[in-house]
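Numbering (my numbering), first residue to last: 519 to 641.
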């Protein structure tokens, strides 16, 4: 089991699996179904978010601990999704949530390594 960092916004998740000598990366894109009316549009936006969050949760099943980062509220919505959709085993692995804008992949990994190094010192 590895530690993971997930950079998340409303349309994309960059998932980094951290190993001592390598980092595996996976990017998931939210798929949109568009409808013209206001009610259908809002219902589909919610369904699209739920489907996207289920997909992200599925990519974290082998995680030991997870750091969530991102620019807006998507990381908080994702955490709420985990709690309300029986993904508690993944939700319990989240050890940190931090707001960051749009860093490079290298900056995300560096942030995560620093975070997990500090986190381990306080366990």
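Glycine included, C-beta positions come from ideal geometry on N, C-alpha and C.
Straight-line measurement puts the Cα of residue 600 at about 11 Å from the Cα of residue 576.
Sixteen is the threshold: when 16 or more other Cβ atoms of the shown chains lie within 10 Å of the Cβ of residue 605, as they do, the residue is buried. Residue state for residue 532 is assigned as strand, using DSSP reduced to three classes. Boundaries of the alpha helix (DSSP H) around residue 593: 592-602. In this structure, residue 584 places its C-beta atom within 9 Å of the C-beta atom of residue 612. Annotation for residue 606: no beta strand (DSSP E) segment contains it, though the alpha helix (DSSP H) segment containing it runs 606-609.
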